[in-house]
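In case it helps, my numbering puts the sequence shown at residues 32 to 314. Beta carbons: idealized from backbone N, C-alpha and C, even for Gly. Have a look at the structure below, then the notes.
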Amino acid sequence: MARIIDGKKISEEIKEELKSEVLALGEKGIVPELAVILVGEDGASQIYVKNKERVAKEVGISSEVMRLSVETSQEELEKIILQYNADEKIHGILVQLPLSKHIDAKRIINLIDPKKDVDCFHPENVGKLMIGDARFLPCTPAGILELLERSELLVEGKNVVVVGRSNIVGKPLAVMLINLGATVTVCNSKTKNLKEICAQADILVSATGRAGLICEDMVKQAAVVIDVGMNRDENGKLCGDVDYIHVCDKTHCITPVPGGVGPMTIMMLMRNTILAAKNKFVI
Ligand code: NDP
């Protein structure tokens, strides 16, 4: 019988730890503050930002959401980033992606002060992560590693297969796993023999956005399966990349969708914001 890795419960535990950290900072007169910039009316982005605001409040982090019209220009957005960079009160800056087509997202990310880059997308932070000297850990990969660690699932020496090579999930997760001593294979949409490769994994992570991609015959008996996907099935119901019903019993542990990786991502953002506030006072 598979053990379900309860991301909601684990994220609640972390929330309590973070609350204590915020209280301790408060005693030193420091209130971590996160600035979130949302451009346009995209429905999913609005929900993500609302959730970030809600969780920040629960943790005791002050958050400021700047909601901008879809017509906001590159120059206007850059000006706002520079203002937040210079603002001593703001510890973390997050630009909700994706941005409209007329905005050069790379330029925007590169403009964020790396010390305030709580999403860990700035090239300086990505480089530091690569060499094992991370300032921040990217939120979704960090959430996955927390789930594993708090479920007492070691990655060192394990064969880990990561399906997906995005800059947000697959690639940074692979780097972090390598740094932890796992043997990592990263797959993508061009991978040949995906089934055979996945079936070798002690730990299989899928981050593709393809509902039902990971079927029973792709999973080794007693493997650990982490499902990052957030998709809608034909009935509009939230589901992951894994054919959960058929895969579940074969696994040692598995994350559900919803209630697996999702709640962890937001909590890691809060952790990074607190870290940014602390870092400001170190040195
Ligand atoms: P991207 O679309 O940026 O990347 C998807 C990756 O999956 C690509 O590398 C792509 O390969 C690969 N892929 C697609 N189809 C296949 C296939 N048939 N076989 C093998 N590989 C395939 O997505 P993200 O990384 O941003 O997100 C992935 C999923 O995770 C989405 O469902 C997203 O909603 C979810 N997500 C969930 C989060 C959470 O907190 N739970 C946070 C972030 C994302 P190629 O590069 O060759 O195109």
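#1: Would you mind reading off the limits of the beta strand (DSSP E) that contains M97?
#2: Under 7 Å: does the beta carbon of V259 sit that close to some heavy atom of the ligand NDP?
#3: Determine the closest residue to E72 out of I45, K137 and L128, with distance taken between C-alpha atoms.
#4: With 8 Å set as the bound, which would you pick, yes or no: does the beta-carbon of I134 sit closer than that to a beta-carbon of chain B?
#5: Out of V90, G74, N82 and S42, which one is the CA nearest neighbour of A55?
#6: Output the boundary residues of the beta strand (DSSP E) element that contains L65.
#7: Considering Cα atoms alone, identify which of M261, R263, V206 and K189 is closest to V255.
#8: Contact check, I111 vs I68 under 8 Å by CB: the rounded distance?
#9: Just tell me which of P172, L269, C246 and C151 has its CA closest to the CA of C279.
#10: Here's the rule: buried if 16 or more other CB atoms are within 10 angstroms of the residue's CB, otherwise exposed. What is M295?
#11: What three-state label does DSSP hand T216 in the structure shown?
#12: Quick one: is S94 buried, meaning 16 or more other Cβ sit within 10 Å of its Cβ, or exposed?
#13: Do you know whose CA, among L49, K223 and V193, lies nearest D233's CA?
#14: Looking only at its own chain, which residues have a Cβ that is under 6 Å from the Cβ of V200, when we skip the five neighbours before and after it?
Inspection of the coordinates gives the following:
#1: Judged by DSSP secondary structure, M97 falls within the beta strand (DSSP E) whose first and last residues are S93 to L99.
#2: In this structure, the C-beta of V259 approaches the ligand NDP to less than 7 Å from one of its heavy atoms.
#3: The shortest Cα separation from E72 among I45, K137 and L128 belongs to L128.
#4: Here there is only one protein chain, and chain B is not present.
#5: Looking at the Cα atoms, V90 is the closest of the given residues.
#6: Where L65 is concerned, the enclosing beta strand (DSSP E) stretches over E64 to V70.
#7: Minimum Cα-Cα distance from V255 among the listed residues M261, R263, V206 and K189 corresponds to K189.
#8: The C-beta distance from I111 to I68 rounds to 6 Å, short enough to fall under 8 Å.
#9: Considering only alpha carbons, the answer is C246.
#10: A buried status is given to M295, since no fewer than 16 other beta-carbon atoms sit within 10 Å of its beta-carbon.
#11: In this structure, T216 counts as strand in the three-state DSSP scheme.
#12: With 16 or more other CB atoms across the displayed protein chains lying within 10 angstroms of its CB, S94 is buried.
#13: Selected option, being the one with the closest Cα: V193.
#14: Only T171, A238 and V259 meet the Cβ criterion.
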